[in-house]
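Enquirer: For the sequence shown, the residue numbers in the numbering used here are 52 to 444.
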Amino acid sequence: MIALVGATLIDGTGRPPGEAPTVIVDGNRVTSVGLARTTTVPPGATVIPARDKFLTPGLVDMHVHVHTPDRWHPELFLAAGVTTVLDLGGQLRDVAGYRAVVESGARPGPRILFTGPMLEEGEMYPGFAGFCRRFDATRTEAEVEVEHLNVFGQLAPEGFWLAEPAKLNPFEYGGWLWRWLGDLDPSSDAVRRLYDGLIDAGTALDPTLVLYAARPGAIGDDVGDASMDDPESTRLLPLLPPRVAKELVTRWSERRGAARGASEPAKHRMRRAWDNILALVGGFQRAGGMVLAGTDCPNVAIVSGFSLHRELELLVRAGLSPMEAIVAATRRPAERLGKRDVFGTIAPGRAADLLLLAADPLADIRNIRRIERVIAGGIVHEPGKLLEGLRSG
Ligand SMILES: [Zn+2]
């Protein structure tokens, strides 16, 4: 049994923190959340003094890919405070296997939820062949969740319309968006109608901003605290598994190389597009839409776990409050996945998935990085030790 005493509680619901509580964890569940001054700590409980610290639910990354075994580092997620991930398109057998490993306790890792393979109506992009299958579009289920920003493709101005969008692979489609997004008016009626349509259909938006930030980042634009994935400045690099670190360095030098060749007008267009991307995501939230936090790790140098911190920072840049950004990575994903009684908030009966932070993420969302302890399924981890284990293991 564990008792966390006296932290400021940011419980994931979105309500402002109240008086300091004592949170009791028994096994893998939170069993009680009461005022510290009136709650008796059960005898035998391990007390974690948490005064001047901040307690949040474990974070959820709504867009990850569990790839081949040599690219699967469950400890990275936990070290970054990500206690639940949603895999969007992996080999079911592999993903189920990883989940079994984590559930057995053989390796520390996040709770793994998955959707199964990606469905492709047209020709499959070869790079995705490992986790993609052809399907008949007439059997598409009604309930979908919008990933990335591709949904904004329907706002393309005349002259940019695509005769056959399905013919573009995902990277070409992204490149096409960048060509005209800068010319869009994010407050136009067309944008408003798109928001309304998405909201009426109950569609959530998981923009994976961290994926788009790489382009302006490569031309030197300020795209949030890039220290986590910029090998020139990250303190994380020496702590990462060597293969992950190497990929990061290689990818960033490729990007910088590509950016060096860009003309001034092209850079200007990219900056305007990036401003509009942020404006579109912020506008969707303000219109009443459901924004979720996801990263698409370990895609193109997006470090598992840690990239979610920057995603939250970018959501705040897009106009969400720090509290809304935290809710986008806690309660909302749980609700979206039909698991609101299981995780995503701190309350009696919920999973004991908790982060103890040294500084207030509501004052500055970047404080979400200042993780002292990660509690996952009731087990207490120190981020530094998890990373150490990954490097030496
Ligand atoms: Zn993805």
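Glycine included, every Cβ here is placed at the ideal spot set by N, Cα and C.
Remember, predicted model here, so these are calculated numbers, not experimental data.
DSSP has residue 100 in a bridge; who is on the other side?
Expert: Its beta-bridge partners are 56.
Enquirer: Which residue from 329, 396 and 358 puts its Cα closest to that of residue 367?
Expert: Residue 367 has its Cα closest to that of 329, out of 329, 396 and 358.
Enquirer: For ligand 1, any of its heavy atoms closer than 7 Å to the Cβ of residue 139?
Expert: Indeed, a heavy atom of ligand 1 lies less than 7 Å from the Cβ.
Enquirer: Any heavy atom of ligand 1 closer than 7 Å to the beta-carbon of residue 347?
Expert: Checking every heavy atom of ligand 1 against the Cβ of residue 347, one is found closer than 7 Å.
Enquirer: In chain order, which continuous runs of the beta strand (DSSP E) of length 3 or greater are located wholly inside the stretch 104-153?
Expert: The stretch 104-153 contains these whole beta strand (DSSP E) runs: 105-108, 110-115 and 133-138.
Enquirer: State yes or no: is the C-beta of residue 117 within less than 8 Å of the C-beta of residue 123?
Expert: Yes; because the gap between Cβ atoms is below 8 Å, this pair is in contact.
Enquirer: Spatial neighbours of residue 320 within its chain, please: CB distance less than 7 Å, with the 5 preceding and 5 following residues excluded, ordered by chain position.
Expert: Answer for residue 320: 233, listed in chain order.
Enquirer: Assuming the contact rule is C-beta atoms closer than 8 Å, residue 207 and residue 365 should be a hit. Round their C-beta distance to whole Å, please.
Expert: Actually they do not touch by this definition, with Cβ atoms about 23 Å apart.
Enquirer: Whole angstroms is fine: what's the gap from residue 393's alpha carbon to residue 212's?
Expert: One C-alpha to the other measures close to 44 Å.
Enquirer: Here's the rule I'm using: 16 or more other beta-carbon atoms within 10 Å means buried, otherwise exposed. How should residue 304 be labelled?
Expert: Exposed, because fewer than 16 other Cβ atoms sit within 10 Å of the Cβ of residue 304.
Enquirer: Would residue 406 and residue 132 qualify as a contact pair, given that the criterion is a beta-carbon distance under 8 Å?
Expert: Yes. Within cutoff.
Enquirer: If you run the structure through DSSP and keep just helix, strand and coil, what is residue 31?
Expert: Residue 31 lies beyond the range of the chain shown here (52 to 444); nothing can be said about it.
Enquirer: Can you find a heavy atom of ligand 1 that lies under 7 Å from the Cβ of residue 432?
Expert: No, ligand 1 has no heavy atom inside 7 Å of this Cβ.
Enquirer: Going by CA-CA distance only, name the one from 373, 209, 260 and 341 that's closest to residue 348.
Expert: Comparing Cα-Cα distances from residue 348 to each of 373, 209, 260 and 341, the minimum goes to 260.
Enquirer: Can you tell me whether residue 242 is buried or exposed? The criterion is at least 16 other CB atoms within 10 Å of its CB, across all chains shown.
Expert: Counting Cβ neighbours within 10 Å, residue 242 comes out buried, since at least 16 surround it.
Enquirer: Take every Cβ of the stretch 375-390, pair it with every Cβ of the stretch 283-295, and state whether three or more of those distances are shorter than 8 Å.
Expert: Verdict: no, contact absent.
Enquirer: Does the beta carbon of residue 200 come closer than 8 Å to any beta carbon on chain C?
Expert: The structure shown has no chain C; it contains just one protein chain.
Enquirer: Please report the straight-line C-alpha distance between residue 358 and residue 214, rounded to a whole angstrom.
Expert: Between residue 358 and residue 214, the C-alpha separation is close to 35 Å.
Enquirer: Closer than 6 Å by C-beta to residue 429: which residues in its own chain qualify, once you throw out the five before and the five after it? Chain order, please.
Expert: Same-chain partners within the cutoff: 76, 78, 79 and 403.
Enquirer: Could you please give me the residues that DSSP links to residue 360 through a beta bridge?
Expert: In the DSSP output, where bridge partners are listed per residue, residue 360 has none listed.
Enquirer: What residue range does the beta strand (DSSP E) around residue 432 cover?
Expert: That run of the beta strand (DSSP E) goes 430-432.
Enquirer: Beta carbon of residue 476, beta carbon of residue 431: below 8 Å?
Expert: Summary: the structure shown does not reach residue 476, with the chain confined to residues 52 through 444, and so no result is reported for it.
Enquirer: Within this structure, are the beta carbons of residue 416 and residue 340 separated by less than 8 Å?
Expert: In this structure, residue 340 does not lie closer than 8 Å to residue 416 by Cβ.
Enquirer: Per DSSP, residue 341 forms a beta bridge with which residues?
Expert: 255, per the DSSP bridge assignment.
Enquirer: Comparing alpha-carbon positions, which option in 104, 53, 66 and 69 lies nearest residue 94?
Expert: Ranking 104, 53, 66 and 69 by Cα distance to residue 94 puts 53 first.
Enquirer: Does DSSP put residue 261 in a helix, a strand or coil?
Expert: Reduced to three states, the DSSP call for residue 261 is helix.
Enquirer: Between the C-alpha atoms of residue 226 and residue 220, what's the straight-line distance to the nearest angstrom?
Expert: For residue 226 and residue 220, the distance between alpha carbons rounds to 10 Å.
Enquirer: Taking all protein chains shown into account, do 16 or more other C-beta atoms lie within 10 angstroms of the C-beta of residue 223, making it buried, or fewer, making it exposed?
Expert: With fewer than 16 other Cβ atoms within 10 Å, it is exposed.
Enquirer: Would the C-beta of residue 327 count as close to ligand 1, meaning under 7 Å from any of its heavy atoms?
Expert: It does not: the Cβ of residue 327 is nowhere closer than 7 Å to a heavy atom of ligand 1.
Enquirer: Locate the alpha helix (DSSP H) running through residue 375, then write down its first and last residues.
Expert: Unbroken alpha helix (DSSP H) run through residue 375: 373-379.
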